[in-house]
Structures are given as C-alpha cells and as structure tokens.
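Visitor:
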Amino acid sequence: MKLVNFLKKLRNEQVTVELKNGTTVWGTLQTVSPQMNATLTDVKLSLPRSTSNSSTLASIYLSDGSMSQNEPKATSLQYINIRGSTIRQIILPDSLNIDSLLVDERQLNKLRRAGKISNDPNRKRRADFGENTNKRIRRGV
1 MKLVNFLKKL
11 RNEQVTVELK
21 NGTTVWGTLQ
31 TVSPQMNATL
41 TDVKLSLPRS
51 TSNSSTLASI
61 YLSDGSMSQN
71 EPKATSLQYI
81 NIRGSTIRQI
91 ILPDSLNIDS
101 LLVDERQLNK
111 LRRAGKISND
121 PNRKRRADFG
131 ENTNKRIRRG
141 V
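Once you know that position 127 of the sequence shown is 127 in UniProt numbering, the rest is easy, because the numbers rise by one and skip nothing.
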C-alpha cells in the first residue's frame, strides 16, 4: 500500500505534522492529495525557536506579529494547507489501530473474488482436499 493511500484513511484523526523548517503543526487531518498535500483543521501551529527567520514566520502566521524571546511561538488557526514537499514527518496518535488501516480493500476484494478468502467472516474456511473441492464427501453408512 502506498503511503499516500494510508494517509487518506486517517481522515478526522488528530495528527502532528513536522515540517522541514522545524515548524510543528497539530490538528485534525481532513484531506490528503496524491502529492501528499495535507489539509488540517483546528490547528495549533508552533514555530521553531532557534531559526533566524522565525520572526518573519511569526509576522505571517500570528495576528499581532510581536513576540518576545520568552513566550512560545505558537498560534491557533481554523485550517491550514500544507504542501507535501515541506513535510518531514507525520506523527500518528498512540490510540490509532494501525492494523485495520493497513488492510487494502482492493487487494482484499481480489482475493475474495478468487475464492481465497471467504466473504462471511463467521464461516469456517474449507480445507482443500485435492482437485475435487466442490464435491461433497460421501460417508459410509
């Protein structure tokens, strides 16, 4: 499964996105495009502390643009679009069930059509007894 397809399944999950410039974005993931562009809502944006251009970034992202050295460089936004090429990593929540998200539905449907997986999860799998798997086994009376 491609990484982008996995990220598309994370819709409405709380994630932390770390950008290549050191900025950390925390919010609810809404959409992911094939180029890995991400849209987040209810965002908390934390700017890096030790970069030389952080005051320029602060004036762009923060409404007042004035900051002292001691206060954290963070703000809240309604939504943000992040270009995929600027993403360093996406940190997933610990409570996320990754096993269920990694199941590829297209591959699963192919296996069901081929008869390798049963459609009914409660049905027991039939053991293959050679070539005549469709015939009923006769029992002696």
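The beta-carbon is built from N, C-alpha and C at its ideal position, and this holds for glycine as well.
Going by beta carbon distance, what residues of the same chain come within less than 8 Å of Pro93, once the five residues before and after it are set aside?
Guide: Glu13, Gln14 and Val15.
Visitor: From which residue to which residue does the alpha helix (DSSP H) around Leu108 run?
Guide: Residues Glu105 to Arg113.
Visitor: Spatial neighbours of Leu7 within its chain, please: C-beta separation below 6 Å, excluding the five flanking residues on both sides.
Guide: These residues qualify, in order along the chain: Val32.
Visitor: Within a Cβ cutoff of 8 Å, which residues of the same chain sit near Thr23, ignoring the five residues on either side of it in sequence?
Guide: So the qualifying residues of the chain are Leu45, Ser46, Leu47, Pro48 and Leu57.
Visitor: CA-CA distance, Ser68 and Lys110?
Guide: In this prediction, Ser68 scores a pLDDT of 47, lower than 50, which makes its location untrustworthy; the coordinate-derived value is nonetheless stated afterwards. For Ser68 and Lys110, the distance between alpha carbons rounds to 59 Å.
Visitor: Can you list, in chain order, the residues of its chain with a C-beta nearer than 8 Å to that of Ile87? Leave out the 5 residues immediately preceding and following it.
Guide: Excluding residues within five positions, the ones whose Cβ falls inside 8 Å are Val17, Glu18, Leu19, Lys20, Met36 and Ala38.
Visitor: Just curious, the alpha helix (DSSP H) that Leu19 is in, first and last residue?
Guide: Unbroken run through Leu19 is the beta strand (DSSP E), Gln14 to Leu19; no alpha helix (DSSP H).
Visitor: Measure the C-alpha to C-alpha separation of Pro34 and Ile91 and round it to an integer number of angstroms.
Guide: Pro34 and Ile91: Cα-Cα distance of roughly 19 Å.
Visitor: Kindly indicate which three-state DSSP category residue 152 falls into: helix, strand or coil?
Guide: For residue 152 there is no data in the structure shown, the boundaries of the chain being 1 and 141.
Visitor: Output needed for Arg83: all residues of its chain with C-beta closer than 6 Å, excluding positions within five of it in sequence on either side, in chain order.
Guide: The answer, listed in chain order, is Asn37.
Visitor: Would you mind giving the Cβ-Cβ distance between Leu3 and Val43, rounded to the nearest angstrom? I have them listed as a contact below 8 Å.
Guide: Not really, about 22 Å apart at Cβ, beyond 8 Å.
Visitor: Closer than 8 Å by C-beta to Leu101: which residues in its own chain qualify, once you throw out the five before and the five after it? Chain order, please.
Guide: Cβ neighbours of Leu101 beyond the five flanking positions: Phe6, Lys9 and Leu10.
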